[in-house]
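Numbering (the working numbering) for the sequence shown: 14 to 274.
Cβ atoms here follow ideal geometry from the backbone N, Cα and C, with glycine treated the same way.
Report on one structure; see the data block that follows.
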Amino acid sequence: MLYLVGLGLYDEKDISLNGLEAIKSADVVYAEFYTARLFGGDLKSLENLAGVTINILLREEVEEENLPIKQAETKDVAFLTAGDPLMATTHSDILMEARKKGIKTRVIHASSILSAAPGIAGLQAYKFGKVTTIPRPEENYFPHSPYQVIGENKEMGLHTLVLLDIQAHRDYYMTANKGLEYLLRVEDERKEGLITEDTLAVVIARAGSPEPMVRADRVNVLTEEDFGGPLHCIIIPGDLHFLEAEGLVILADAPEEILES
14 MLYLVGLGLY DEKDISLNGL EAIKSADVVY AEFYTARLFG GDLKSLENLA
64 GVTINILLRE EVEEENLPIK QAETKDVAFL TAGDPLMATT HSDILMEARK
114 KGIKTRVIHA SSILSAAPGI AGLQAYKFGK VTTIPRPEEN YFPHSPYQVI
164 GENKEMGLHT LVLLDIQAHR DYYMTANKGL EYLLRVEDER KEGLITEDTL
214 AVVIARAGSP EPMVRADRVN VLTEEDFGGP LHCIIIPGDL HFLEAEGLVI
264 LADAPEEILE S
């Protein structure tokens, strides 16, 4: 048996009762935190809550060695991930591979940034287009694809949720400031007028925590602000319904001038 268990957005208390029961019943419990992690609690807190030992897996142990699947051929295995268990492509691959091998599976869902971010910003979830991620730029690696996704969504009037690179093994969590600067750099190279210093953007920090930060303003204002600790994400709004504009003003302290646009 293989349980794919979501841990939610922020701390160990976000796990569902079904998820907690699955962890307690499993013969072995694995977790990965390279796609996302919980910042409101630590591994020990989760182990104490569940009364089990949790083994942290590296990316290669999950994606190359297929350790959770191999163990699930003879044992009941719980595989834990932050957020919802099927948001990362690699986790969907695990589910499909287990099914191919005839391993019984159960998916236990949890809160995800994909559902949380729109609501706490006052935006309508069904008006979001394709999600994109800004990677950490490196020498000879500076893809324009996040900018292009925003452009494609905007052409349809849709909002874009922009996730930011996580490299947990390097203790690197991209800030919203760096993400916005990345988009401005792409703009400087492409000169299409899509993301400028005057563009309206939304920054969300620590979604799922007791006091998440939600800020909406022009890019040149947001790049200078301190949003505190991770995790951060960005929303680039498309066409705003008047209720969405009002939501950004009330919930994200957006400038009231957006109500007139």
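Buried/exposed call for residue i, threshold 16 Cβ in 10 Å
i: residue 252; result: exposed
i: residue 265; result: buried
i: residue 139; result: exposed
i: residue 268; result: exposed
i: residue 226; result: buried
i: residue 27; result: buried
i: residue 230; result: buried
i: residue 132; result: exposed
i: residue 166; result: buried
i: residue 30; result: exposed
i: residue 263; result: exposed
Check whether residue i and residue j have beta carbons under 9 Å apart
i: residue 37; j: residue 65; result: yes
i: residue 63; j: residue 119; result: no
i: residue 97; j: residue 222; result: no
i: residue 170; j: residue 52; result: no
i: residue 198; j: residue 155; result: yes
i: residue 259; j: residue 135; result: yes
i: residue 82; j: residue 121; result: no
i: residue 137; j: residue 257; result: yes
i: residue 79; j: residue 110; result: yes
Where the beta strand (DSSP E) containing residue i begins and where it ends
i: residue 226; result: 226 to 231
i: residue 92; result: 90 to 94
i: residue 19; result: 15 to 19
i: residue 118; result: 118 to 121
i: residue 215; result: 213 to 218
i: residue 175; result: 173 to 177
i: residue 146; result: 145 to 147
i: residue 68; result: 67 to 69
Cβ neighbours of residue i in the same chain (closer than 6 Å, five flanking residues each side left out)
i: residue 232; result: 193, 210, 212 and 214
i: residue 103; result: 76
i: residue 54; result: 24 and 25
i: residue 42; result: 36, 65, 67 and 91
i: residue 99; result: 105
i: residue 93; result: 18, 20 and 44
i: residue 32; result: 18 and 121
Own chain residues within Cβ distance below 8 Å of residue i, not counting five before or after
i: residue 203; result: 157 and 160
i: residue 200; result: 160, 206, 207, 208 and 209
i: residue 177; result: 146, 147, 186, 187, 188, 189, 191, 192, 244, 245, 246 and 247
i: residue 124; result: 19, 21, 22, 27, 96, 97 and 221
i: residue 255; result: 272
i: residue 163; result: 145, 173, 175, 196, 207, 208 and 249
i: residue 142; result: 162, 165, 166, 169, 171, 172, 173 and 251
Cβ-based neighbour list, residue i, same chain, cut-off 7 Å, excluding 5 preceding and 5 following
i: residue 47; result: 72, 181 and 182
i: residue 130; result: 174, 217, 220, 246 and 248
i: residue 39; result: 16, 89, 90 and 91
i: residue 50; result: 95 and 181
Span of the alpha helix (DSSP H), counted from its first residue to its last, around residue i
i: residue 43; result: Not the alpha helix (DSSP H): residue 43 falls in the beta strand (DSSP E), residues 41 to 45.
i: residue 62; result: 56 to 63
i: residue 249; result: Residue 249 -> not in any alpha helix (DSSP H); beta strand (DSSP E) instead, spanning 245 to 249.
i: residue 159; result: 158 to 168
i: residue 255; result: 255 to 265
Whole-angstrom C-beta distance between residue j and residue i, which should lie under 8 Å
i: residue 235; j: residue 116; result: Not a contact, Cβ separation roughly 46 Å.
i: residue 56; j: residue 69; result: 7 Å
i: residue 114; j: residue 86; result: 7 Å
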